[in-house]
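Colleague: What follows is a structure written as structure tokens; I'll ask about it next.
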Amino acid sequence: MTYQGRFKVWRGDAEGGGLVDYEVDVHEGEVVLDIVHRIQATTAPDLAVRWNCKAGKCGSCSAEINGRPRLMCMTRMSVFDPAETITVTPMRAFPVLRDLVTDVSYNYTKAREVPSFVPPPGVKAGEYRMMQEDVNRVQEFRKCIECFLCQNTCHVVRDHEENKQVFAGPRFLMRIAELDMHPLDAAEETGTDRKRGAREEHGLGYCNITKCCTEVCPEHIRITDNALIPLKERVVDRSYDPLVWLGNRIGRRSR
Ligand code: SF4
Ligand code: SF4
Ligand code: FES
């Protein structure tokens with residue numbers, strides 16, 4: 000089936016912009032990214048859009064479709080009523096560069112702030128051993144394609160630009176959780192306290208486990224349940240366990 004679809008696409012740049020109407024042919028089996036490409040090919044060759052794989056794996060084509068953060072290449076036109084006008088806007092939490100392309104460098108900054116994996120001392124590469132259940136647990140987080148839809152959705156930064164300074168966002172708190180749960184990570188032995196960092200430097204306390212990040216993740220990673228809540232529990236165990244507290248006090252006095 001082919002029909003004339005109605006679209007409103009946000010056009011503009013950092014100075015401002017607005018929704019522009021397009022009427023475009025929609026063919027069976029197409030996704031929203033196909034439509035954006037057809038608009039480029041027919042009426043608006045200067046329409047800016049970021050994409051790479053068209054297979055839901057590169058994480059480039061994130062946008063908001065009818066207000067919902069989604070990958071354009073994984074959003075089938077068949078989920079919409081042909082009579083409906085489809086609105087495509089750039090991700091709201093990041094500054095617009097042009098049209099549907101946003102500046103996502105906030106995420107790169109936050110990525111650099113997370114201390115990387117510390118290999119266990121005395122174990123050669125190729126000799127690492129882990130229980131399968133530990134592998135499975137962190138493997139889920141490795142499915143992340145860095146589309147930053149979760150970062151864009153989280154209310155802590157979506158409407159509060161000022162929080163970007165102190166909040167790493169779900170994707171990078173998940174990364175901290177992944178490393179903290181990693182049985183071979185030796186960060187603590189080298190003086191890096193990931194739990195303290197999560198709380199004091201990466202803003203874990205700002206997360207009030209609303210699960211909005213989980214709802215938009217195209218990889219269906221259970222960000223809140225499997226990363227953020229366990230990380231909060233690990234931080235609380237560390238901070239409020241009476242034995243740990245006592246140990247810290249004694250340690251401090253004897254120094
Ligand atoms: S669960 Fe936490 S990180 Fe995820 S959207 Fe809600 S506040 Fe943000
Ligand atoms: S956790 Fe999911 S939503 Fe967030 S960046 Fe990774 S793939 Fe995208
Ligand atoms: S183009 Fe790669 S995820 Fe959409």
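In terms of numbering that gives the first Met the number 0, the sequence shown is numbered consecutively and its last residue is 254.
Don't be surprised by glycine CBs; every beta carbon is placed ideally from N, CA and C.
The structure displayed is predicted, hence computed values, not measured ones.
(1) Rounded to a whole number of angstroms, what is the C-alpha to C-alpha distance between THR42 and GLU22?
(2) If you draw a straight line from the alpha carbon of ARG97 to that of TRP50, how long is it in whole angstroms?
(3) Is TYR107 helix, strand or coil by DSSP?
(4) Below 8 Å between beta carbons: does that hold for VAL137 and GLU177?
(5) Counting C-beta neighbours from all protein chains within 10 Å, is the total for SER59 16 or more, i.e. buried, or is it exposed?
(6) Determine the burial state of LYS123: buried for a count of at least 16 other Cβ atoms within 10 Å of its Cβ, exposed for fewer.
(7) In the DSSP assignment, find the alpha helix (DSSP H) that holds GLY196 and state where it starts and stops.
(8) Taking 7 Å as the cut-off, is the beta-carbon of CYS216 closer than that to any non-hydrogen atom of ligand 2?
(9) Please report the distance separating the alpha-carbon of ARG5 from that of GLN39.
(10) With distances taken from CA atoms, which of ASP12, VAL19, ILE144 is nearest PHE93?
(11) List the DSSP bridge partners of GLU214.
(12) Quick check: does the Cβ of ALA62 come within less than 7 Å of any heavy atom belonging to ligand 3?
(13) Hey, is ALA47 close to ligand 3, as in C-beta under 7 Å from one of its heavy atoms?
(14) Figure out for me which residue from PRO114, PRO44, HIS36 has the closest Cα to the Cα of LYS53.
(15) Please tell me whether, using a cut-off of 7 Å, the distance from the CB of HIS154 to the nearest non-hydrogen atom of ligand 1 is below it.
(16) Give me the Cα-Cα distance between GLY15 and ARG198, rounded to the nearest whole angstrom.
(17) Could you name the residues of the same chain whose beta carbon sits closer than 7 Å to that of LYS163, not counting the 5 residues immediately before and after it, in chain order?
(18) Report the residue from GLU214, GLU187, ILE228, ALA185 whose alpha carbon sits nearest the alpha carbon of TYR205.
(19) Checking the sheet assignment: what are the DSSP bridge partners for ARG5?
(20) Could you pull the DSSP bridge partners for LEU70 from this structure?
(21) Quick one: Cα of GLU132 to Cα of HIS219, how far?
(22) Under 8 Å between the Cβ atoms of CYS216 and CYS153?
(23) Return the residue from the list GLY190, LEU230, GLU83, CYS72 that minimises the CA-CA distance to ASN207.
(24) If distances are taken between C-alpha atoms only, which option among GLU139, ASP80, GLU63, ASP45 comes closest to GLU27?
Modeller: Taking the coordinates as given:
(1) 10 Å
(2) 14 Å
(3) Reduced to three states, the DSSP call for TYR107 is helix.
(4) yes
(5) buried
(6) exposed
(7) 193-199
(8) Correct: CYS216 has its Cβ closer than 7 Å to ligand 2.
(9) 15 Å
(10) ASP12
(11) Beta-bridge pairing links GLU214 to no other residue.
(12) Answer for ALA62: no, Cβ out of range of ligand 3.
(13) no
(14) HIS36
(15) yes
(16) Straight-line Cα distance between these residues: approximately 36 Å.
(17) TYR105, VAL156
(18) ILE228
(19) GLU22, THR84
(20) SER61
(21) 19 Å
(22) no
(23) LEU230
(24) Minimum Cα distance to GLU27 is reached at ASP80.
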